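Okay, structure first, notes after.
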């Protein structure tokens, strides 16, 4: 009975923001509305921010899209990482470890935190695919990948990101576990940016489609540095 009550509480908390997101997806499926919204977002973006480009062929109000957005809201409500709170340190998977050694390679997120660096180290945790071809697919996705069936598929997909990211910043790339420990701890459905310092969460990006998260992060780092 207690479990049912907890599930009902989750639904009651998640349903209002989910319905607003569903309405946004419905409006984005109307091309005239989509073009107007994208124009406004692009006007707000800094030149350093990645362009937000949703082609006319991309559908946003679909059953897979709604499922993905529902999951993102559930993760948001349940995440342990909160601004000014203790930073969780879930397990991560290194890309350079052979499959037979992974069970013994006990690596955690905060193992990558190093004291004394000039400003920040950059770690990219590749989580489950946001727009898999067999789910909420998008013709605009940089890579056309299916949902990961096992850890090796996730690691292989993460390896494809390495040259793409390393050309922009000195990223270390790791993968989330198949139990999605990082996604659960940090509410990282789709994408999210965090700054961790001294075992605390000192900056977090908004969970939205706006492309300005990188410029906001840069300004934060410049003020901190």
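Residue numbers (UniProt numbering): 1 to 225. Note that CB positions come from ideal geometry on N, CA and C, so glycine has one too. All of these numbers come straight from a predicted model, not from anything done at the bench.
Candidates the options, of which the one nearest residue i by Cα
i: residue 136; options: 64, 28 and 104; result: 64
i: residue 142; options: 150, 129, 12 and 105; result: 129
i: residue 231; options: 146, 131, 109 and 114; result: Nothing can be reported for residue 231, as the shown portion of the chain is limited to 1 through 225.
i: residue 121; options: 197, 88 and 13; result: 197
i: residue 184; options: 74, 156, 167 and 150; result: 74
i: residue 82; options: 215, 186, 219 and 216; result: 186
i: residue 180; options: 91, 199, 44 and 8; result: 91
i: residue 87; options: 199, 221, 19 and 220; result: 199
i: residue 70; options: 44, 109 and 11; result: 11
i: residue 171; options: 148, 123 and 213; result: 123
Cα-Cα separation, residue i to residue j
i: residue 175; j: residue 35; result: 34 Å
i: residue 102; j: residue 26; result: 42 Å
i: residue 188; j: residue 177; result: 13 Å
i: residue 191; j: residue 223; result: 23 Å
i: residue 206; j: residue 100; result: 38 Å
i: residue 16; j: residue 116; result: 44 Å
i: residue 77; j: residue 32; result: 32 Å
i: residue 113; j: residue 204; result: 16 Å
i: residue 257; j: residue 89; result: The structure shown does not extend to residue 257, since the chain is modelled only from 1 through 225, so no value can be given for it.
i: residue 22; j: residue 215; result: 27 Å
i: residue 72; j: residue 66; result: 10 Å
i: residue 24; j: residue 144; result: 24 Å
i: residue 167; j: residue 213; result: 19 Å
i: residue 219; j: residue 182; result: 25 Å
i: residue 20; j: residue 221; result: 32 Å
i: residue 42; j: residue 169; result: 23 Å
Boundaries of the beta strand (DSSP E) in which residue i is found, first to last residue
i: residue 124; result: 122 to 126
i: residue 171; result: 171 to 176
i: residue 204; result: 200 to 204
i: residue 231; result: In the structure as shown, the chain starts at 1 and stops at 225, and residue 231 therefore has no counterpart that could be examined.
i: residue 86; result: Element bounds for residue 86: n/a, residue is neither H nor E.
i: residue 97; result: No beta strand (DSSP E) contains residue 97, which DSSP labels as neither H nor E.
i: residue 196; result: 194 to 197
Beta-carbon proximity list for residue i, same chain, < 6 Å, skipping 5 on both sides
i: residue 202; result: 195
i: residue 13; result: 77
i: residue 40; result: none
i: residue 217; result: 193
i: residue 146; result: 132, 133 and 134
i: residue 85; result: 201
i: residue 18; result: 70 and 73
Cutoff 7 Å; reference residue i; Cβ partners in own chain excluding five residues on either side
i: residue 55; result: 139 and 140
i: residue 29; result: 59, 60 and 61
Cutoff 8 Å: residue i Cβ touching any chain C Cβ
i: residue 174; result: Looking at the structure shown, chain C is missing, and only one protein chain is on hand.
Residue i - containing alpha helix (DSSP H), residue span
i: residue 38; result: 31 to 44
i: residue 244; result: Nothing can be reported for residue 244, as the shown portion of the chain is limited to 1 through 225.
i: residue 155; result: 151 to 166
i: residue 186; result: 181 to 186
Cβ neighbours of residue i in the same chain (closer than 8 Å, five flanking residues each side left out)
i: residue 152; result: 99
i: residue 126; result: 154, 157, 158, 161, 173, 174, 175 and 176
i: residue 107; result: 91, 92, 93, 94 and 174
i: residue 110; result: 87, 89, 196 and 199
Exercise for the section: Would you check if there are 3 or more beta carbon pairs closer than 8 Å linking the region 153 to 166 to the region 88 to 95? Expected result: yes
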